[in-house]
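**Q**
Protein chains: 2
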Amino acid sequence: MNIGDVSRQSGVPPKTIRYYEEIGLIRPNRSENGYRAFTENHVHKLAFLGRARALGFTIEDCRTLLALYEDENRESVQVKTVAEDHLRQIEEKIEKLQSMRTTLTELVEKCAGDHRPDCPILADLSPVRMSE
Amino acid sequence: MNIGDVSRQSGVPPKTIRYYEEIGLIRPNRSENGYRAFTENHVHKLAFLGRARALGFTIEDCRTLLALYEDENRESVQVKTVAEDHLRQIEEKIEKLQSMRTTLTELVEKCAGDHRPDCPILADLSPVRMSE
DNA sequence: ATTGACCCTCCAGTTACTGGAAGCCCTACA
DNA sequence: TGTAGGGCTTCCAGTAACTGGAGGGTCAAT
Numbered sequence: 001m002n003i004g005d006v007s008r009q010s011g012v013p014p015k016t017i018r019y020y021e022e023i024g025l026i027r028p029n030r031s032e033n034g035y036r037a038f039t040e041n042h043v044h045k046l047a048f049l050g051r052a053r054a055l056g057f058t059i060e061d062c063r064t065l066l067a068l069y070e071d072e073n074r075e076s077v078q079v080k081t082v083a084e085d086h087l088r089q090i091e092e093k094i095e096k097l098q099s100m101r102t103t104l105t106e107l108v109e110k111c112a113g114d115h116r117p118d119c120p121i122l123a124d125l126s127p128v129r130m131s132e
Numbered sequence: 001m002n003i004g005d006v007s008r009q010s011g012v013p014p015k016t017i018r019y020y021e022e023i024g025l026i027r028p029n030r031s032e033n034g035y036r037a038f039t040e041n042h043v044h045k046l047a048f049l050g051r052a053r054a055l056g057f058t059i060e061d062c063r064t065l066l067a068l069y070e071d072e073n074r075e076s077v078q079v080k081t082v083a084e085d086h087l088r089q090i091e092e093k094i095e096k097l098q099s100m101r102t103t104l105t106e107l108v109e110k111c112a113g114d115h116r117p118d119c120p121i122l123a124d125l126s127p128v129r130m131s132e
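Protein sequences appear in the order of chains G and B.
Residue 25 in the UniProt record's numbering is what sits at position 25 of the first sequence, and the numbering runs on without skipping anything.
Residue 83 in the UniProt record's numbering is what sits at position 83 of the second sequence, and the numbering runs on without skipping anything.
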């Protein structure tokens with residue numbers, strides 16, 4: 001199978017597939033013409049990667065997960081640990097963003113948003129009290 | 001003022017200050033010995049930048065906000081627009097992350113996390129049904 | 001023979017810094 | 001006066017995960 005087919009079947013862009021090969025996530029063979037030659041298994045792996053990436057796992061997490069996926073002797077606790085760590089990081093990000101949202105929402109509400117220069121948003125960002 | 005003092009007063013690391021100069025956010029003079037020479041105004045600007053960055057504004061947003069901050073003839077609607085756009089992006093990120101969290105939480109709960117290889121997390125990531 | 005859709009490699013750019021090497025400058029202290 | 005310590009300088013490289021584009025082969029059909 002050529003890269004275009006694999007891309008369509010897995011949903012992963014050709015450029016990304018080449019990149020994944022470059023960093024050793026997948027290892028397709030080559031045809032005589034130099035084209036990458038993929039198998040069904042590659043399609044599965046790429047779909048796996050696509051899904052893992054969509055859940056926000058880093059490439060390094062993906063590498064680990066893929067190895068566990070292929071390891072008959074894995075222990076599910078290994079997978080769970082990776083997922084839990086990632087979940088914790090996501091929760092941290094959410095909290096950070098929510099706190100930004102709170103502040104920004106307040107500021108946006110306070111700002112008249114008209115032709116006048118006075119602006120509570122700038123006033124808040126500025127360490128120097130503006131119109132006080 | 002040298003970069004160390006400015007860093008302490010503004011809370012922005014020296015490396016970052018140099019970077020901000022490189023990309024034209026601030027333009028300190030130079031002393032005879034080649035050291036950067038900062039003023040109080042630079043400290044204000046850097047604190048402004050630090051705060052804006054903490055609220056998640058991109059560097060380009062910061063450039064715009066800083067220009068507005070210094071523009072006596074600004075209209076607050078210009079600032080508000082930047083903030084609203086940014087707020088929208090934050091909300092999009094939050095939603096994406098929350099959806100990831102939902103999925104991940106479910107998967108983590110379903111996974112036994114023991115020494116056995118069966119794992120709902122991998123099963124979910126995999127396009128091939130595993131133990132069915 | 002040529003067109004168009006593939007495929008290839010390699011290079012550069014993205015975001016916002018951060019770390020490190022090599023090397024001046026300045027002050028204090030023995 | 002020599003030196004030790006910080007602090008300052010520049011420049012280079014690396015981070016994460018791709019993405020775009022140039023320049024150029026390959027393949028199938030017309």
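Here a beta-carbon is modelled for each residue, glycine too, at the ideal position from N, C-alpha and C.
Report the partner residues of Asn41(G) according to the DSSP bridge assignment.
**A** Counting from 1 along the first sequence, the entry for residue 41(G) is found at position 41. Bridge partners of Asn41(G): none, in fact.
**Q** Using a C-beta to C-beta distance shorter than 8 Å, which residues of chain G count as neighbours of Asp114(B)?
**A** Position 114 of the second sequence, counted from the first residue, corresponds to residue 114(B). Within 8 Å Cβ-Cβ: Glu75, Ser76, Val77.
**Q** Name the residue from Glu60(G), Leu25(G), Asp5(G), His86(G) whose alpha carbon lies nearest to the alpha carbon of Leu97(B).
**A** The residue labelled residue 97(B) in the question sits at position 97 within the second sequence. Nearest option by C-alpha distance: His86(G).
**Q** Just to confirm before moving on: does the CB-CB distance between Glu72(G) and Pro117(B) stay below 8 Å?
**A** In the first sequence, counting from the first residue as 1, residue 72(G) sits at position 72. In the second sequence, counting from the first residue as 1, residue 117(B) sits at position 117. Yes, the Cβ-Cβ distance between Glu72(G) and Pro117(B) is below 8 Å.
**Q** Of all the options Arg88(B), Ser99(B), Glu84(B), which has the alpha carbon lying nearest to the alpha carbon of Glu91(G)?
**A** Numbered from its first residue, the first sequence carries residue 91(G) at position 91. Looking at the Cα atoms, Ser99(B) is the closest of the given residues.
**Q** What does Glu72(G) touch in chain B if you count any residue whose Cβ is under 7 Å from its own?
**A** Sequence index remark: in the first sequence, residue 72(G) carries index 72 (1-based). Those are Pro117, listed as they occur along chain B.
**Q** Tell me which same chain residues have a C-beta within less than 7 Å of the C-beta of Thr64(B), skipping the five on either side of it?
**A** For the purposes of this step, residue 64(B) is taken as residue 64 along the second sequence, with counting starting at 1. The residues are Val82.
**Q** Please state the DSSP three-state secondary structure of Arg63(B).
**A** One-based indexing of the second sequence puts residue 63(B) at position 63. It is helical.
**Q** Examine chain G for any beta-carbon lying closer than 8 Å to the beta-carbon of Glu84(B), and answer yes or no.
**A** Working through the second sequence from its first residue, we reach residue 84(B) at position 84. Closer than 8 Å: yes.
**Q** If we count the other Cβ atoms within 10 Å of its Cβ and call it buried at 16 or more, is Ala112(G) buried or exposed?
**A** Here residue 112(G) corresponds to residue number 112 of the first sequence, with the count starting at 1. Exposed, because fewer than 16 other Cβ atoms sit within 10 Å of the Cβ of Ala112(G).
**Q** Based on DSSP bridge pairs, tell me the residues matched to Glu30(G).
**A** Along the first sequence, read from residue 1 onward, the residue named residue 30(G) stands at position 30. The sequence shown places Arg at residue 30(G), rather than the Glu named in the question. For Arg30(G), which the question treats as bridged, DSSP gives the partners Arg36(G).
**Q** At a Cβ threshold of 8 Å, is Val108(B) touching chain G?
**A** The sequence position of residue 108(B) within the second sequence is 108, counting from 1. Answer yes: the Cβ-Cβ gap between Val108(B) and chain G drops below 8 Å somewhere.
**Q** For Ala47(G), count the other beta carbons within 10 Å of its own beta carbon; 16 or more makes it buried, fewer makes it exposed. Which is it?
**A** In the first sequence, residue 47(G) corresponds to position 47, counting from 1. Its Cβ being crowded by 16 or more others within 10 Å, Ala47(G) is buried.
**Q** Which residue from Asp5(B), His115(B), Leu25(B), Val79(B) puts its Cα closest to that of Ala123(G)?
**A** Locating residue 123(G) in the first sequence gives position 123, counting from the first residue. If we check each option's Cα against that of Ala123(G), Val79(B) comes out closest.
**Q** With a cut-off of 8 Å, does the C-beta of His44(B) fall near any C-beta of chain G?
**A** Your numbering for residue 44(B) matches position 44 in the second sequence. Chain G, which has a Cβ nearer than 8 Å to the Cβ of His44(B), makes this yes.
**Q** Counting only beta-carbon separations shorter than 8 Å, does Met100(B) have a partner in chain G?
**A** Along the second sequence, read from residue 1 onward, the residue named residue 100(B) stands at position 100. At least one chain G Cβ lies under 8 Å of Met100(B).
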